Structures are given as structure tokens and as C-alpha cells.
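Written below as C-alpha cells is the structure these notes are about.
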Amino acid sequence: MQASFELMADSPAFFMGFVFIISLMVGSFLNVVIYRLPVMMERAWKADIDEYTASQTQAPPATDNLPTSKKAPFNLVKPDSTCPKCQHKIRAWENIPLISWLLLRGKCSQCKNPISARYPLVELTTGLLSTWVAWHFGFGLAGFMAVVAIWLLIAMTFIDLDTMLLPDQLTLSLLWLGLLISIESPFVSSQDALIGAAVGYLSLWSLYWSFKLLTGKEGMGYGDFKLLAAIGAWVGWQHLPVVILLSSFVGAIVGVSLLTIQGKDKSQPIPFGPYLAAAGFLTLLYGDWIVTQYWQWMLP
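For what it's worth, our numbering labels the leading residue of the sequence shown as 101, then goes sequentially.
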């Protein structure tokens, strides 16, 4: 293990290759997280509602109808991945990131049902973005921690696109990780991280309530507040304007494009998390450069 770390420290190419391979495997796991975590959350909500409803009725449980066995577990580990059509259990060789999808030509080995191209897309995106981060920061605490941050941002991006949800399990993990590593100041100091988290949350919270008081409508969800707070813990309060401007600019362009090209309803909600995640990613890597370019353009 010591030799491997020394090799990664001495050879940037080896370090980036190592990150790429590991991130491909993590990307395969992120596919599981993206699908299963929202389902787990929905089941937990339904269980809470059923429990509350039962407590309100004050009716004694019917002992004759009590289940004799527990339901099959459903989490990030169990049950094993299967084909949604024929329930064929995915074998190890069929679950190799990118390679298996190409070898199977995008189809189930048993029923030939098409396998969505998004699975290898998530894996490849995770691998490429993680390698980009590894190349930018190099071997060290900043590089390793930034790669973990990218994994969390990718999972949140696809979950928000699918379900309009930003799970606390991911946003708060990113927040606490950013605050904890700020002790070593690989990106910003602990003071800047703490203020960044507070300002990030309160800025969108204030915008949310201002919009709601003026229009009576909710402009965004609380998950967006938590995500910007988490990003603030990584980039510091000084770079939060960059994150907000970048995400708002891209979000506005995409929103107008959807309205004009696809003819979507103006009242249809659009997830804001992916734009925050993309802006946070770019700001973490190039925040100082973006600020410098802005002031050079404003003050030639």
C-alpha cells in the first residue's frame, strides 16, 4: 500500500489512471444509489404515514392479520441487481463498468431487453470528471477529497433530474465533509467554510421566502438550500456569488430552451440542483480564475 501511494505521488499519470478506474467502479455503484435511494425514501415516508394513521385511529391491531415474516430487504446492497423484465440476476462479469454494456451490446444476456445507455453514461461521466479533478489538484488531500465531492454531486444531479429530490443523506454528507476537511484548509479555512455554509443556506432561503410572499408560490425546494450550503463549505463564502451567477445563468438558458424547443408549460418545475452542482464543480476548480477574469473584464 505504501508503495502504491508513493507511485501515485511520483507519477501523475498513474494517479489519474488509478482515479479513473476506481471512479468507474464508483459510478456503477452510483447508478444503484440514483435509482434506489429515492425509492427507499418514498417507502420510509409511506411507512411513517401508515404508522401515524394507525395511531390516530386508535384501533387495536388485528393479531390474525399480522405478517408472519418480514418484507424482503431493499437498500443499497440488497436485493441483487436484476433485469427489470426477466428478473435475470446480474452476474459479476455482466456488471463490469462500461465493458459489460459494450460486450452485451446494450442488451440483457437472457431476454435481450435493452439496457439503458444512461448506466454506462453515469459510469463514464464519473470516471472522466474524477480524472479531471485528479489532474487539476494532483495527488494529496485536496485531490482525494474533491473526487469524493464529485461523486456526491453526480449522484445528486441525476436524482434531482429524475425525481426533483435532493436527499439529505447526500447534501448533508457533502456539507459535513466540507466543514471537516476545512480543518486542514485544502480549499478554504474553517472560518470561510462555516460562513460559506451559513450564507449559502440563508441566501436561497431568503430568496425562497421573498418569492413566496410576493407570488404565493414556492420557487425552489429546501434541498437546494442545503446543497448551496454544502457547496459554500467547500468554496467559501467569497466564491458563492460565482456559484449563484453561474447556476442561475445556465438554469435560465436551459429553462428558456425547454420552453421554446419542447414547448413545456411555464409552470412546470425545473430541477435547480444540477445547475448548482455544475457551478459548484467549476467554482471549486476555477473559482479564483473566474473572479480574476471577471474583474479584468470589468476593469480593463
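We put the beta carbon where it would ideally sit given N, CA and C, even for glycine.
Since this is a predicted model, take the numbers as computed values, not measurements.
Environment of residue i [buried if 16+ CB atoms lie within 10 Å]
i       : result
Phe-325 : buried
Ala-329 : buried
His-236 : exposed
Asp-180 : exposed
Asn-387 : Checking the sequence shown, residue 387 turns out to be Gly, not Asn. Buried.
Ala-154 : exposed
Gly-240 : exposed
Val-356 : exposed
Ile-134 : buried
Leu-166 : Caution applies to Leu-166, whose pLDDT of 45 falls short of 50 and renders its modelled position unreliable; the value that the coordinates give is listed next. Leu-166 is exposed by the Cβ-count criterion.
Leu-253 : buried
Leu-279 : buried
Phe-372 : buried
Ser-347 : buried
Pro-374 : buried
Gly-321 : buried
Leu-261 : exposed
Thr-111 : For clarity, residue 111 is Ser in the given sequence; the question names Thr instead. Its Cβ having fewer than 16 others within 10 Å, Ser-111 is exposed.
Euclidean distance between Cα positions of residue i and residue j
i       : j       : result
Leu-304 : Pro-341 : 12 Å
Ile-149 : Met-140 : 14 Å
Ser-216 : Met-125 : 17 Å
Phe-129 : Ala-333 : 25 Å
Leu-176 : Trp-251 : 16 Å
Leu-137 : Asp-268 : 11 Å
Ile-344 : Tyr-308 : 14 Å
Gly-206 : Leu-382 : 32 Å
Ile-199 : Leu-107 : 27 Å
Ala-287 : Ala-293 : Residue identity check: residue 287 is Phe in the sequence provided, not Ala. Each residue's alpha carbon lies about 9 Å from the other.
Val-350 : Ser-289 : 29 Å
Thr-263 : Ile-283 : 34 Å
Ile-281 : Thr-360 : 43 Å
Val-119 : Val-233 : 9 Å
Ala-147 : Glu-318 : 27 Å
Leu-313 : Pro-369 : 18 Å
Ala-192 : Ala-246 : 29 Å
Trp-276 : Ala-379 : 19 Å
Tyr-394 : Gln-210 : 56 Å
His-188 : Lys-171 : 21 Å
Per-residue DSSP class, three states only, for residue i
i       : result
Pro-267 : coil
Pro-286 : coil
Pro-341 : helix
Lys-95  : Because the chain is modelled from 101 through 400, residue 95 falls outside the range shown and cannot be assessed.
Pro-374 : helix
Asp-164 : Because the pLDDT at Asp-164 is just 47, under 50, the model does not fix this residue reliably, and the point stays unresolved.
Gly-351 : helix
Residue of the options minimising C-alpha distance to residue i
i       : options                            : result
Thr-221 : Gly-336, Leu-279, Phe-120, Gly-127 : First, the residue type needs correcting, since residue 221 is Leu and not Thr in the sequence shown. Among Gly-336, Leu-279, Phe-120, Gly-127, the Cα nearest to that of Leu-221 belongs to Gly-127.
Arg-218 : Gly-319, Ile-390, Val-354, Pro-197 : Pro-197
Phe-244 : Gln-396, Val-132, Thr-392, Phe-105 : Phe-105
Leu-202 : Leu-224, Met-264, Thr-182, Cys-186 : Leu-224
Thr-231 : Trp-395, Trp-389, Leu-385          : Leu-385
Ala-255 : Gln-396, Met-116, Val-132          : Val-132
Leu-266 : Arg-143, Ala-377, Trp-397, Ile-121 : Ala-377
Ile-295 : Leu-270, Gly-319, Trp-337          : Trp-337
Cys-186 : Cys-208, Lys-178, Glu-194          : Cys-208
Leu-274 : Asn-195, Lys-189, Ile-259, Leu-327 : Leu-327
Phe-174 : Arg-143, Glu-151, Ser-111          : Arg-143
Val-299 : Gly-323, Lys-312, Ile-331          : Ile-331
Leu-272 : Tyr-301, Leu-261, Tyr-152          : Tyr-301
For residue i, the first and last residue of its enclosing alpha helix (DSSP H)
i       : result
Leu-176 : Note, Leu-176: premise wrong, no alpha helix (DSSP H); not H, not E.
Ser-310 : 290-315
Pro-112 : 112-157
Pro-220 : 218-237
Ala-192 : Counting along the chain, Ala-192 falls outside any alpha helix (DSSP H), and DSSP gives it neither H nor E.
Lys-326 : 322-335
CB contact check: residue i to chain C, cutoff 7 Å
i       : result
Glu-223 : As a matter of chain content, chain C is missing from the structure shown, which is built from one protein chain.
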